[in-house]
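Quick notes on the structure that follows.
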Amino acid sequence: MENPGYIALSRQMVLRRQMDMVANNLANLTTPGFKGESMLFVEHLARTEPREKISFVRDIATIRDLKAGPMTETGSPFDLAIRGEGYFAIETPEGTRYTRAGGFTPDPDGRIVSAQGFALLDDGGAPITIPVDALSVAVARDGTISTDQGELGRVQVVRFDNQQALKRQANSLYDAAGQAALPVEQPDVQQGKLESSNVAGVVEMTRLVATVRSYEAAAKLANNEHERQRRAIDALATARS
Amino acid sequence: MKSLDIAATGMLAQQLNVEVISNNIANMNTTGFKRRRAEFQDLLYQNQLRVGSTSSEAGTIVPAGVQLGLGVQPAAVYRIAEQGSMNITDNPFDLAISGRGYFQVELPSGETGYTRAGAFQLSADGDLVTPDGLVVQPGITIPNNASTVTINASGQVFVTIAGQVAPQQVGQLELATFLNQAGLEPIGDNLLLETPASGTPTVGTPASTGFGSMEQGALEASNVNVVSEITNLITAQRAYEMNSKVIQASDEMMSSVTQLR
Chain A
41 MENPGYIALS RQMVLRRQMD MVANNLANLT TPGFKGESML FVEHLARTEP
91 REKISFVRDI ATIRDLKAGP MTETGSPFDL AIRGEGYFAI ETPEGTRYTR
141 AGGFTPDPDG RIVSAQGFAL LDDGGAPITI PVDALSVAVA RDGTISTDQG
191 ELGRVQVVRF DNQQALKRQA NSLYDAAGQA ALPVEQPDVQ QGKLESSNVA
241 GVVEMTRLVA TVRSYEAAAK LANNEHERQR RAIDALATAR S
Chain B
-19 MKSLDIAATG MLAQQLNVEV ISNNIANMNT TGFKRRRAEF QDLLYQNQLR
31 VGSTSSEAGT IVPAGVQLGL GVQPAAVYRI AEQGSMNITD NPFDLAISGR
81 GYFQVELPSG ETGYTRAGAF QLSADGDLVT PDGLVVQPGI TIPNNASTVT
131 INASGQVFVT IAGQVAPQQV GQLELATFLN QAGLEPIGDN LLLETPASGT
181 PTVGTPASTG FGSMEQGALE ASNVNVVSEI TNLITAQRAY EMNSKVIQAS
231 DEMMSSVTQL R
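Going line by line, the protein sequences match chains A and B. In terms of our numbering, the first sequence has 148 at position 108, counting the first letter as 1, and numbering is strictly consecutive. In terms of our numbering, the second sequence has 183 at position 203, counting the first letter as 1, and numbering is strictly consecutive.
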């Protein structure tokens, strides 16, 4: 008897989380390397009577949209973007993390670091240090970093068999979560560019509208169900007396 | 509802973005100005359903999990040290640096300030000073009776004194370079200060290895590209609007809840 209310509630719960996700996508509309997310809903069947099942809704996964974001020209020699597959490897105090946000700068010691000061790793897993008196820094398409004093090494670009299983962390970093990082044979690294967020504002706005309207529809359903029950109680109560 | 707070972080970030862009546009004609860029990062993620957690007794695991982000934060506001274009002014005390390096000036506090704006003038004593009267280091004094002043690409300052044939060298300008130019701290008046992030300055003569050369009678214009700033402004404004729509939408959802009985 109370099931419709619970079904509406299950719908509203996932819609609220969907709303949080849309809000996060829109908040990160200009975050370099950000990948938009969408939610995966499944039907959850519950047996009420021997031959009867009712279906609730459940959100079982957030799916990252892995398509590349547009490349933005920045003019800064330490801004790197990966065209196609791959992630940069960053050394953090918690271990190696991976990112597609390539806004790097040299630190006072000449190491190339991310905005939080974590070092970018080369294909040998060591930080890359620019000599103090280097005049220019060039990054080739294959990730080789060189200055006027010669080659310094190659930026590590890795891929994963299952990118969806990477665990998202703050600061645009991903945790491999136990997966092996495989080297990309032919990386395409672009110097002086950044990969913008791949969130499409228009798409998110339509999802926003759809979420709000579905939420209202579920609220309406719950309300109507409440009315129905109230009328049933009224009708039955009058029949008695 | 978290979406309210998330959208608020988005609006704050875009507000910062617009502030940085408007500062760039305001300084499009400032000598030696380097444009800034605001960079953003996503905030923490909340795990509703952890990636890799076991979903059945048979040992199947959750492939993607439910991770909900909590918004955006500013990561850095970078200075982009790209060379600005040269404007010819024909003023003998206007100096532009073509390449790497900063002029050094002595601040009233005794510290050394660094600048790319080479619009210098002479003080009452004949010292080379900035428009604010700060003395350029190492100090150059132009004699009272000098008829012409020539500064060559290597920063050597020559004067011709009335009645003498050969020009005399009265000083040598020097430049300072930093490993991480983006780490210098701007203090206004086109001046920058050394910070732990910038590294220590390397001082040398212009046009030597690793240093830019000096151009007399020219000024380095700002490197702001107005067209790209305007397009960034449009993007930032639209992003701001979209985030405000999220707040409206969250509000509508909450109001539909309050109408439930």
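The C-beta atom is built at its ideal place from N, Cα and C for all residues, glycine as well.
Subject >> CA nearest to the CA of B:L155, picked from B:G79, B:M(-9), B:Q28, B:P186 >> reply: For the purposes of this step, residue 155 of chain B is taken as residue 175 along the second sequence, with counting starting at 1. Check the Cα spacing between B:L155 and each of B:G79, B:M(-9), B:Q28, B:P186: the tightest is with B:P186.
Original post:
What is the DSSP secondary structure of A:E131, reduced to helix, strand or coil?
Top reply: Counted from its first residue, the first sequence places residue 131 of chain A at position 91. The answer is strand: DSSP assigns A:E131 an E or B state.
Original post:
Around the Cβ of A:R91, are there at least 16 other Cβ atoms within 10 angstroms (buried) or fewer (exposed)?
Top reply: As a working mapping, residue 91 of chain A is identified with position 51 in the first sequence. Flag for A:R91 reads exposed.
Original post:
Thinking C-beta only, is B:A99 closer than 9 Å to A:S116?
Top reply: Taking the first sequence and counting its residues from 1, one reaches residue 116 of chain A at position 76. Taking the second sequence and counting its residues from 1, one reaches residue 99 of chain B at position 119. The answer is no: Cβ separation not under 9 Å.
Subject >> Bridge-paired residues (DSSP) for B:P166 >> reply: By one-based count along the second sequence, residue 166 of chain B stands at place 186. In the DSSP output, where bridge partners are listed per residue, B:P166 has B:L172.
Original post:
Comparing the C-beta of B:Y25 with each C-beta of chain A, is any distance below 9 Å?
Top reply: Within the second sequence, residue 25 of chain B is the residue found at index 45, counting from 1. Residue-level contact by beta carbon holds for B:Y25 and chain A, with a gap shorter than 9 Å.
Original post:
Grouping DSSP H, G and I as helix and E and B as strand, with all else coil, what is B:L(-16)?
Top reply: As a working note, residue -16 of chain B is residue 4 in the second sequence. Helix at B:L(-16).
Original post:
What does B:R16 reach in chain A if we use C-beta pairs closer than 7 Å?
Top reply: To locate residue 16 of chain B, count along the second sequence from 1; it is residue 36. Per Cβ cutoff of 7 Å: no residues; B:R16 is ~11 Å from chain A at best.
Original post:
In whole angstroms, what separates the C-alpha of B:N212 from that of B:G51?
Top reply: Here residue 212 of chain B corresponds to residue number 232 of the second sequence, with the count starting at 1. Here residue 51 of chain B corresponds to residue number 71 of the second sequence, with the count starting at 1. If I take the Cα positions, the gap works out to 20 Å.
Original post:
Hey, out of B:G179, B:T11, B:Q161, whose CA is closest to B:A76's CA?
Top reply: As a first step, residue 76 of chain B must be located in the second sequence, where it is residue number 96. Measuring from the Cα of B:A76, the nearest candidate turns out to be B:T11.
**OP:** Return the chain-ordered ranges of every alpha helix (DSSP H) run that is complete within the region 80 to 140 of chain A and spans a minimum of 4 residues.
**Re:** For the region 80 to 140 of chain A, not a single whole alpha helix (DSSP H) run of length 4 or above is found.
Original post:
Along the chain, where does the beta strand (DSSP E) that runs through B:Q196 open and close?
Top reply: On the second sequence, position 216 is the one that residue 196 of chain B refers to. Judged by DSSP secondary structure, B:Q196 falls within the beta strand (DSSP E) whose first and last residues are 193 to 196.
**OP:** Could you name the residues of the region 134 to 152 of chain A whose beta carbon sits closer than 8 Å to any beta carbon of chain B, in the order they occur along the chain?
**Re:** So the close ones are A141, G143, T145, P146, D147, P148, D149, G150.
Original post:
Near A:Q203, which residues of its chain fall below 8 Å by C-beta distance, leaving aside the five closest residues on each side in sequence?
Top reply: Within the first sequence, residue 203 of chain A is the residue found at index 163, counting from 1. Same-chain partners within the cutoff: R104, L106.
Original post:
Since A:K233 sits in a beta bridge, which residues does DSSP pair it with?
Top reply: Residue mapping note: residue 233 of chain A aligns to position 193 of the first sequence, counting from 1. According to DSSP, A:K233 bridges with A:E113.
**OP:** Please classify B:Q26: is it buried, with 16 or more other beta-carbons within 10 angstroms of its beta-carbon, or exposed?
**Re:** As a position in the second sequence, residue 26 of chain B is number 46, starting the count at 1. Exposed, because fewer than 16 other Cβ atoms sit within 10 Å of the Cβ of B:Q26.
Original post:
How is the beta strand (DSSP E) around B:Q144 delimited, first residue to last?
Top reply: For the purposes of this step, residue 144 of chain B is taken as the residue at position 164 of the second sequence. B:Q144 -> no beta strand (DSSP E), and no H or E assigned at all.
**OP:** Tell me whether B:M233 sits in a helix, a strand or coil according to DSSP, three-state version.
**Re:** Locating residue 233 of chain B in the second sequence gives position 253, counting from the first residue. For B:M233, the secondary structure class from DSSP, reduced to helix, strand or coil, is helix.
**OP:** Check distances from the C-beta atoms of the region 141 to 171 of chain B to those of chain A and list, in chain order, the residues that come in under 8 Å.
**Re:** Closer than 8 Å at the C-beta level to chain A, one finds these residues of the region 141 to 171 of chain B: L159, N160, A162, G163.
**OP:** Check whether the Cβ of B:R218 lies closer than 9 Å to any Cβ atom in chain A.
**Re:** Indexing the second sequence from 1 puts residue 218 of chain B at position 238. Yes, its Cβ sits closer than 9 Å to a Cβ of chain A.
Original post:
Which chain A residues are close to B:N(-3), counting only those with a beta carbon under 7 Å from its beta carbon?
Top reply: Reading the second sequence from its first residue, position 17 is the one you call residue -3 of chain B. Think of a sphere of 7 Å around the beta carbon of B:N(-3): the chain A residues whose beta carbon falls inside it are T70, in chain order.
Original post:
Applying the criterion that 16 or more other CB atoms from any shown protein chain within 10 Å of the CB defines a buried residue, is A:P223 buried or exposed?
Top reply: Position 183 of the first sequence, counting from 1, holds the residue named residue 223 of chain A. Result: exposed.
Subject >> Beta-carbon contacts of A:R57 that lie in its chain and below 8 Å, excluding the five residues immediately before and after >> reply: Position 17 of the first sequence, counting from 1, holds the residue named residue 57 of chain A. Around A:R57: M79, D99.
Original post:
Can you tell me the Cα-Cα spacing of B:A219 and A:T70, whole angstroms?
Top reply: Within the second sequence, the letter at position 239 stands for residue 219 of chain B. Within the first sequence, the letter at position 30 stands for residue 70 of chain A. Going by the C-alpha atoms only, they are around 8 Å apart.
Subject >> Span of the alpha helix (DSSP H) around A:L66 >> reply: Numbered from 1 along the first sequence, position 26 holds the residue referred to as residue 66 of chain A. First-last of the alpha helix (DSSP H) with A:L66: 43 to 67.
**OP:** Specify the secondary structure class of A:Q226 as computed by DSSP and reduced to three states.
**Re:** Along the first sequence, one-based indexing puts residue 226 of chain A at 186. When DSSP states are grouped into helix, strand and coil, A:Q226 belongs to the coil group.
**OP:** Go ahead and pull the three-state DSSP assignment for B:G190.
**Re:** What you label residue 190 of chain B is simply residue 210 of the second sequence in a count that begins at 1. Reduced to three states, the DSSP call for B:G190 is coil.
Original post:
In whole angstroms, what separates the C-alpha of A:L213 from that of A:G157?
Top reply: Taking the first residue of the first sequence as 1, we reach residue 213 of chain A at position 173. Taking the first residue of the first sequence as 1, we reach residue 157 of chain A at position 117. Roughly 13 Å separates the two Cα atoms.
Original post:
Beta-carbon separation of B:V0 and B:R17 under 9 Å?
Top reply: As a first step, residue 0 of chain B is located in the second sequence; it is residue number 20 there, counting from the start. As a first step, residue 17 of chain B is located in the second sequence; it is residue number 37 there, counting from the start. In contact: B:V0 and B:R17 (Cβ atoms closer than 9 Å).
Original post:
Is the region 198 to 214 of chain B close to the region 68 to 75 of chain B, with three or more CB pairs under 8 Å?
Top reply: Touching, per the Cβ criterion.
Original post:
Is the CB-CB distance between A:A67 and A:A129 below 9 Å?
Top reply: Counting from one through the first sequence, the residue named residue 67 of chain A turns up at place 27. Counting from one through the first sequence, the residue named residue 129 of chain A turns up at place 89. Not a contact, by the Cβ cut-off of 9 Å.
Original post:
Taking the C-alpha atoms as reference points, what is the distance between B:D107 and B:G190?
Top reply: In the second sequence, counting from the first residue as 1, residue 107 of chain B sits at position 127. In the second sequence, counting from the first residue as 1, residue 190 of chain B sits at position 210. Computed Cα separation, rounded: 27 Å.
**OP:** Determine whether the Cβ of A:K233 lies closer than 9 Å to any Cβ atom of chain B.
**Re:** For this step, residue 233 of chain A is matched to residue 193 along the first sequence. Answer no: the Cβ-Cβ gap between A:K233 and chain B never drops below 9 Å.
**OP:** Starting from B:V57, follow the beta strand (DSSP E) in both directions and report where the run begins and ends.
**Re:** Working through the second sequence from its first residue, we reach residue 57 of chain B at position 77. Where B:V57 is concerned, the enclosing beta strand (DSSP E) stretches over 52 to 59.
Subject >> Three-way DSSP call (helix, strand, coil) for A:K75 in this model >> reply: As a first step, residue 75 of chain A is located in the first sequence; it is residue number 35 there, counting from the start. Three-state DSSP puts A:K75 in coil, outside helix and strand.
Subject >> Enclosing beta strand (DSSP E) for B:F83 [first to last residue] >> reply: Counting from 1 along the second sequence, the entry for residue 83 of chain B is found at position 103. Unbroken beta strand (DSSP E) run through B:F83: 83 to 86.
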